[in-house]
Structures are given as structure tokens and as C-alpha cells.
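In our numbering, the protein residues as written are 20 to 133. All C-beta atoms, glycine included, are put in the ideal place defined by N, C-alpha and C. Here the structure is a predicted model, which means the values were calculated and not measured. Read the structure below first, then the notes.
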Amino acid sequence: MSVKIKRDNVDFVLVEPQTPGNVGAAARALKTMGFRNLVLINPCDYTAPEARWLAHAAEDILESARVYSSLREALVNINFAVTTTQRTRSYHFPFYTPEELGKKLIPITQEHRV
Numbered sequence: 020m021s022v023k024i025k026r027d028n029v030d031f032v033l034v035e036p037q038t039p040g041n042v043g044a045a046a047r048a049l050k051t052m053g054f055r056n057l058v059l060i061n062p063c064d065y066t067a068p069e070a071r072w073l074a075h076a077a078e079d080i081l082e083s084a085r086v087y088s089s090l091r092e093a094l095v096n097i098n099f100a101v102t103t104t105q106r107t108r109s110y111h112f113p114f115y116t117p118e119e120l121g122k123k124l125i126p127i128t129q130e131h132r133v
């Protein structure tokens with residue numbers, strides 16, 4: 020039997036999301052994939068009707084979202100962080116394909132938060 024990712028140890032962090040709809044859509048995506056931990060840093064009004072509408076059937080994810088004022092505060096108990104952005108950066112970090120990242124995260128999530 021193969022080892023699977025331990026979903027309860029995975030947090031999805033949105034940093035300063037600007038529209039409630041994006042937060043709602045993220046909540047729905049998390050629930051669809053079997054994840055539950057939504058973390059918001061300085062969010063917009065994620066309780067707005069637009070967020071709830073786009074969360075459709077994932078309102079529980081919105082209601083249980085943890086809210087922090089800084090990324091540093093949100094990552095205190097995280098052992099391994101993965102970031103994505105559309106912005107070009109001058110510094111270089113390792114790049115992983117989704118498949119490579121999945122293989123890397125599975126053993127980490129067995130005992131640690133990511």
C-alpha cells in the first residue's frame with residue numbers, strides 16, 4: 020500500500036487576497052481536493068456573499084479559515100513552505116514540477132506541517 024499525503028498537515032495560505040470571490044473559489048478548490056486548512060493573511064472580506072457563493076458547498080472551509088496579520092505569524096509552526104507567484108523574481112529557489120513536489124511533500128506531511 021502506498022503512502023499518501025496527510026491532508027490535515029497541509030495549509031493553503033492566501034496572502035492579502037483582494038477579492039472575496041477568489042477566497043471563496045480557493046475554499047471550494049481545497050474542499051474538492053480533500054483539504055481543509057485555509058489560512059488568510061490580511062484578507063479582504065472573506066465573509067462577503069460573493070465569497071460564500073463561489074465557495075458553494077465549501078462554506079465550512081471559509082468559516083474555519085485561520086486569519087493572521089503577517090506571513091511570518093502564519094508560518095510559525097510550518098516545517099516546509101512552498102510558494103507560487105506570477106511575478107518574476109531576481110532570486111532563485113529550487114523549481115519543482117507538481118509531480119516532483121508531490122513526491123517531496125508526501126513523506127514530510129506524515130509528521131510535519133507544510
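Check, Outcome
"Rounded C-alpha distance that separates residue 40 from residue 46", "10 Å"
"Contact check, residue 59 vs residue 31, beta carbons under 7 Å", "no"
"Residue of 119, 117, 94 minimising C-alpha distance to residue 34", "94"
"C-alpha distance - residue 29 paired with residue 120, whole-angstrom precision", "13 Å"
"Contact check, residue 76 vs residue 42, beta carbons under 7 Å", "no"
"Cβ pair residue 80, residue 57 closer than 7 Å", "yes"
"Nearest-angstrom Cα separation, counted from residue 114 out to residue 108", "13 Å"
"Burial state of residue 62 (16 or more Cβ within 10 Å)", "buried"
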